[in-house]
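Protein sequence lines, in the order shown, are assigned to chains A and D.
Counting in our numbering, the first sequence runs without a single skipped number right up to 807 at its last residue.
Counting in our numbering, the second sequence runs without a single skipped number right up to 967 at its last residue.
Yeah, the Cβ is synthetic: ideal placement off N, Cα and C, and Gly gets one too.
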Amino acid sequence: MKNVIGSSVTRVEDARLLTGQGTYIDDIGVPPNTAHAAIVRSTYPHAIIKSIDVSEALLVPGVKGVITGREIEAYLNPFSVGVSAPVNYYPIAIDKVRYVGEPVAVIVAKDRYVAEDAAELVRVKYEPLQPIVDIEKTMDQDAPLLHENVGSNIANHRSFHYGDVDRAFNEADLIVKHKFHFPKYSATPVETYGIIAQYENSSDRYTIHANFHGPFIIQSVMAGALKIPSNRLRIIIPKDIGGSYGIKAGTFPYMVLLAVASRIAGCPVKWIEDRQEHLSASSSGTDRVTYIEAAVNEDGKVLGLKMKMMDNVGAYIRAPEPACLYRTHANTTGAYDIPNLKIDGYVVMTNKLPTGLIRGYGGQELYFPLERIMQMIAFKLHLDPVDVIQKNLIKTRQFPYQTASGGIYDSGDYERALQLALDTGRYKEFRKKQEEARGKGRIFGVGLACIVEPSGSNMGYITIALTPDERAASLPKSGCTEAATVSMDPMGFVNVRISTAPTGQGHETVTAQIVADVLQIPKEQINVVAELDTSTSPWSIASGSYSSRFASLGSSAVYLAAQKVKKKLLQIGAHHLQVPEEDLYFENAAILSKSDSSIRWPLKRAAGSAHWNPLSLPEGMEPGIYETYYYTAKIAEPPDQNDLINSSITYGFVADMVTVEIDPETGQVEILDYITIHDAGKLLNPLIVDGQIYGGLVHGLGGALYEELAYDEKGQFLTGTFMDYLCPTAPEIPNITIRHIETPSPVTPLGAKGLGEGNTMSAPVAIANAVSDALKPFGVTIDSLPLSPNKIWKLLSEQKAANTLKR
Amino acid sequence: MGVHQVKLTINGKTVVEGVESRTLLSDFIRDGCGLTGTHVGCEHGVCGSCTVIVDGAAVRSCLMFAVQADGLEIETVEGLSQNGELGPLQKNFKECHGLQCGFCTPGILMSATDYLSKHPEPTTRELKEMLSGHLCRCTGYDGILKAIQKTVEENKETIS
Chain A
1 MKNVIGSSVT
11 RVEDARLLTG
21 QGTYIDDIGV
31 PPNTAHAAIV
41 RSTYPHAIIK
51 SIDVSEALLV
61 PGVKGVITGR
71 EIEAYLNPFS
81 VGVSAPVNYY
91 PIAIDKVRYV
101 GEPVAVIVAK
111 DRYVAEDAAE
121 LVRVKYEPLQ
131 PIVDIEKTMD
141 QDAPLLHENV
151 GSNIANHRSF
161 HYGDVDRAFN
171 EADLIVKHKF
181 HFPKYSATPV
191 ETYGIIAQYE
201 NSSDRYTIHA
211 NFHGPFIIQS
221 VMAGALKIPS
231 NRLRIIIPKD
241 IGGSYGIKAG
251 TFPYMVLLAV
261 ASRIAGCPVK
271 WIEDRQEHLS
281 ASSSGTDRVT
291 YIEAAVNEDG
301 KVLGLKMKMM
311 DNVGAYIRAP
321 EPACLYRTHA
331 NTTGAYDIPN
341 LKIDGYVVMT
351 NKLPTGLIRG
361 YGGQELYFPL
371 ERIMQMIAFK
381 LHLDPVDVIQ
391 KNLIKTRQFP
401 YQTASGGIYD
411 SGDYERALQL
421 ALDTGRYKEF
431 RKKQEEARGK
441 GRIFGVGLAC
451 IVEPSGSNMG
461 YITIALTPDE
471 RAASLPKSGC
481 TEAATVSMDP
491 MGFVNVRIST
501 APTGQGHETV
511 TAQIVADVLQ
521 IPKEQINVVA
531 ELDTSTSPWS
541 IASGSYSSRF
551 ASLGSSAVYL
561 AAQKVKKKLL
571 QIGAHHLQVP
581 EEDLYFENAA
591 ILSKSDSSIR
601 WPLKRAAGSA
611 HWNPLSLPEG
621 MEPGIYETYY
631 YTAKIAEPPD
641 QNDLINSSIT
651 YGFVADMVTV
661 EIDPETGQVE
671 ILDYITIHDA
681 GKLLNPLIVD
691 GQIYGGLVHG
701 LGGALYEELA
711 YDEKGQFLTG
721 TFMDYLCPTA
731 PEIPNITIRH
741 IETPSPVTPL
751 GAKGLGEGNT
761 MSAPVAIANA
771 VSDALKPFGV
781 TIDSLPLSPN
791 KIWKLLSEQK
801 AANTLKR
Chain D
808 MGVHQVKLTI
818 NGKTVVEGVE
828 SRTLLSDFIR
838 DGCGLTGTHV
848 GCEHGVCGSC
858 TVIVDGAAVR
868 SCLMFAVQAD
878 GLEIETVEGL
888 SQNGELGPLQ
898 KNFKECHGLQ
908 CGFCTPGILM
918 SATDYLSKHP
928 EPTTRELKEM
938 LSGHLCRCTG
948 YDGILKAIQK
958 TVEENKETIS
């Protein structure tokens with residue numbers, strides 16, 4: 001049988017999704033007595049709750065209860081979080097609201113229409129407080145305090161020194177520095193959050209169905225908040241999730257809120273978030289201010305970097321934050337060989353929606369200043385940006401490469417990938433075209449970005465938020481565990497259970513491909529169950545879909561579980577056929593002998609014997625065919641005393657070249673061509689791979705040009721509908737060319753690395769570099785996003801006015 | 808809340824039901840008729856995932872009340888395939904990887920079905936304009952566009 005790993009097979013998920021037979025959270029049905037929830041939310045960014053009058057709401061026919069924070073508090077602990085600042089985060093406001101959209105009361109009613117009627121009638125009296133939304137001002141001594149008991153709005157601060165930064169800065173020919181601001185934006189899956197929660201008082205147990213996809217370390221956080229042993233919190237994930245891109249990891253506070261609502265109301269409660277709720281009060285990426293300084297030699301070689309990063313996690317720091325700041329810790333120096341690094345990382349709180357996972361998580365915030373400064377270095381030294389990048393890129397012979405902050409880049413050929421980008425995009429030709437266009441008054445620009453795409457997070461990285469001494473006080477965390485079960489039923493058919501909680505990435509398909517290859521049976525005969533159930537699935541704290549971990553970790557667990565099944569079948573075969581195990585191999589769903597072509601035993605017979613006739617098995621062998629493998633990579637160690645941490649398992653590479661034209665009249669940025677070169681090791685299914693890349697790239701395009709969760713300076717939320725929060729639609733998509741090179745990872749059994757987030761990380765800065773390149777003659781530089789026409793037009797006008805004044 | 812009786816056709820079947828005047832057509836299709844293939848993504852007519860065909864025109868079912876559909880013919884994604892066999896457009900979505908999570912897909916299939924029935928030879932630009940009424944955050948629209956274009960090509964071959 002031909003290898004199916006690595007081939008572009010179509011997806012097993014598609015038939016049901018194309019016929020309306022998908023089973024998303026809103027499709028799975030509910031127990032007959034289920035009530036529906038609507039949530040009353042704060043209209044103020046920062047205020048004391050003086051009173052909540054629910055009397056009128058309770059009179060609405062069909063209302064079963066109205067529950068406030070004060071009532072809910074009794075059943076909850078604050079959520080635990082990985083920093084030492086004592087921030088008390090509950091899923092609902094208790095005495096104070098801290099962002100627009102924060103839950104204040106939950107209405108439980110016979111249907112959603114009635115629940116929303118009643119929500120209108122809840123009267124909340126607020127005493128407004130001074131809000132704060134600015135990242136830097138919130139750190140001031142006299143800034144309004146969000147959490148009085150914390151004593152400041154800084155939730156976490158750590159400094160890291162790697163190498164000899166002072167020396168690098170003393171010896172450098174020049175220092176290039178700039179301040180950058182990355183905006184707050186989201187991912188907006190078309191399916192919003194959805195939850196069905198049920199409390200069973202006879203056993204003090206919660207069952208929650210939700211479109212949550214991990215990380216399942218948060219199951220422990222939720223059980224802690226609910227004050228119950230964790231095996232009495234059963235979480236069941238539906239077969240289909242309507243996209244997430246990380247945002248649905250933020251479902252968990254609502255899962256706990258609905259769980260308690262079910263307990264108080266005495267019936268199961270269902271809640272499907274609406275779009276305004278999603279935009280204002282689900283989760284988002286962090287906005288970040290970065291001060292970056294590069295110590296540079298005249299030839300463009302970067303000797304050292306200093307980065308002061310301030311991440312805004314919104315009104316409460318909640319798990320898995322402050323991960324945005326630390327997920328990319330190992331790859332802070334990106335694709336460059338820069339041994340000296342200083343990081344000053346702050347996590348601050350403001351009166352905005354709390355943050356969490358989002359595609360690219362931390363990468364776009366990191367690479368925006370890093371890749372912008374590389375271009376600024378080139379401009380300052382009158383070099384071509386290509387030369388500066390090439391001067392600093394890690395060379396192929398340096399792999400595995402240890403980064404300044406402890407990363408171990410497993411494999412790559414960065415120079416080749418960059419060259420492929422330049423050749424594909426005809427860089428030199430474009431430079432000539434740009435020159436000619438300038439003569440005609442047209443504004444063309446070209447931008448580059450070379451980024452390292454981390455995948456498969458090491459669970460130890462988040463503890464870098466604590467000092468080595470603080471870490472020593474608790475158990476070390478490490479690993480990146482994922483699990484899978486491969487079993488064969490009495491008739492010899494294969495079931496596979498995975499715990500990667502896919503949200504559209506085709507894990508069922510790729511799982512079937514892998515198992516088909518290992519067992520040499522047609523992939524169509526393999527049934528993959530992706531619904532995760534914390535009471536019955538094989539899972540661990542790292543399980544779930546995030547950090548592009550399926551290709552590196554999920555697939556490894558599947559592969560190795562299938563290998564266990566193969567091993568057992570071979571042993572059964574050897575015993576039954578009376579030939580040595582080494583002489584046997586699998587082909588076309590049968591066990592064959594290398595030395596005797598007359599021997600052929602169908603796999604289903606071998607598997608069947610383990611069920612129907614276990615006494616025929618080799619001495620001491622367990623009956624049944626049911627093998628689980630828990631996989632982790634050895635290189636996912638906890639941080640060491642010197643704060644070195646390999647925060648991810650595999651590191652892919654992306655080289656982008658993007659060309660733009662800017663309309664001088666309107667400031668509109670038009671992308672002419674987007675070239676992206678990927679190295680994600682061995683590709684498991686190129687069809688799915690390119691789909692992931694397109695999606696990630698277009699999300700990055702959104703971040704670059706359109707998407708922002710905007711607040712005014714008083715903390716009022718401005719983008720509560722899809723008319724205000726702009727997502728890219730089909731006409732906005734430029735020409736995109738994707739090319740691959742494959743340098744297999746030595747770390748994973750299949751040589752695969754994660755992908756799909758790379759361009760979400762690279763596109764904002766690649767486009768910003770292209771726009772900066774285009775506007776260089778006008779003296780305009782880009783240091784914030786999104787690059788809307790009005791922003792560009794304003795920058796151009798200001799610069800024109802300044803130039804006129806100079807004359 | 809007053810209840811009104813409506814009689815309409817969904818995927819060729821007659822449905823007679825009592826609905827409140829404020830019940831959205833999208834909620835009626837899903838909860839009243841059990842056809843959960845029609846998805847609700849924004850409830851303000853932007854994302855397009857709830858699109859169905861009403862009397863031969865693609866409509867956002869979240870922007871219409873069920874009572875307004877009284878006497879009309881509605882087609883949903885469940886009506887696109889026969890006995891589990893995918894129709895040509897659906898097949899091409901699969902082949903061109905025109906879907907990932909699949910949540911926006913039914914709405915896009917309905918819009919494309921309606922559009923192609925009226926515009927058998929659309930340009931790429933026209934197809935993109937048609938798609939601009941739908942949000943897909945998974946695919947970057949590439950596979951979707953390819954799937955529809957492939958269907959257009961196949962339809963041309965069938966005609967000629």
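If I follow the unbroken alpha helix (DSSP H) through residue i, where does it start and stop?
{"i": "ASP469(A)", "result": "468 to 472"}
{"i": "GLU453(A)", "result": "Careful: GLU453(A) lies outside any alpha helix (DSSP H), inside the beta strand (DSSP E) at 443 to 457."}
{"i": "VAL558(A)", "result": "555 to 577"}
{"i": "GLY703(A)", "result": "686 to 705"}
{"i": "PHE160(A)", "result": "Where PHE160(A) is concerned, there is no enclosing alpha helix (DSSP H), although the beta strand (DSSP E) it sits in stretches over 154 to 162."}
{"i": "ASP663(A)", "result": "Per DSSP, ASP663(A) belongs to no alpha helix (DSSP H) and is neither H nor E."}
How would you call residue i, buried or exposed, if buried means at least 16 neighbouring beta carbons within 10 angstroms?
{"i": "ASP640(A)", "result": "exposed"}
{"i": "MET307(A)", "result": "buried"}
{"i": "GLU277(A)", "result": "buried"}
{"i": "SER282(A)", "result": "buried"}
{"i": "GLU436(A)", "result": "exposed"}
{"i": "MET723(A)", "result": "exposed"}
{"i": "GLY29(A)", "result": "exposed"}
{"i": "LEU174(A)", "result": "exposed"}
{"i": "ASN170(A)", "result": "exposed"}
{"i": "LEU18(A)", "result": "buried"}
{"i": "ALA864(D)", "result": "exposed"}
{"i": "HIS926(D)", "result": "exposed"}
According to DSSP, is residue i helix, strand or coil?
{"i": "ILE175(A)", "result": "strand"}
{"i": "ARG359(A)", "result": "coil"}
{"i": "LEU370(A)", "result": "helix"}
{"i": "TRP601(A)", "result": "strand"}
{"i": "PRO128(A)", "result": "strand"}
{"i": "PRO103(A)", "result": "strand"}
{"i": "GLN141(A)", "result": "coil"}
{"i": "GLY811(D)", "result": "Looking at the sequence shown, residue 811(D) is not Gly but His. Residue state, collapsed to three classes: strand."}
{"i": "PHE835(D)", "result": "helix"}
{"i": "THR930(D)", "result": "coil"}
Could you tell me which residues DSSP puts in a beta bridge with residue i?
{"i": "ASN588(A)", "result": "Bridge partners of ASN588(A): none, in fact."}
{"i": "ALA109(A)", "result": "HIS36(A) and VAL63(A)"}
{"i": "LEU755(A)", "result": "None; LEU755(A) has no bridge partner."}
{"i": "GLU200(A)", "result": "ARG205(A)"}
{"i": "ALA210(A)", "result": "ILE195(A)"}
{"i": "MET488(A)", "result": "VAL494(A) and ILE625(A)"}
{"i": "GLY304(A)", "result": "ALA295(A) and ASN340(A)"}
{"i": "TRP271(A)", "result": "ILE195(A)"}
{"i": "GLY345(A)", "result": "ARG158(A) and MET309(A)"}
Determine, using beta carbons only, whether residue i comes closer than 8 Å to chain A.
{"i": "LEU923(D)", "result": "no"}
{"i": "GLU882(D)", "result": "no"}
{"i": "GLN889(D)", "result": "no"}
{"i": "SER833(D)", "result": "no"}
Using a Cβ-Cβ distance under 8 Å, would residue i count as near chain D?
{"i": "THR721(A)", "result": "yes"}
{"i": "ILE767(A)", "result": "no"}
{"i": "GLN419(A)", "result": "no"}
{"i": "THR34(A)", "result": "no"}
{"i": "PRO189(A)", "result": "yes"}
May I ask which residues mark the beginning and end of the beta strand (DSSP E) holding residue i?
{"i": "TYR674(A)", "result": "669 to 679"}
{"i": "SER51(A)", "result": "47 to 53"}
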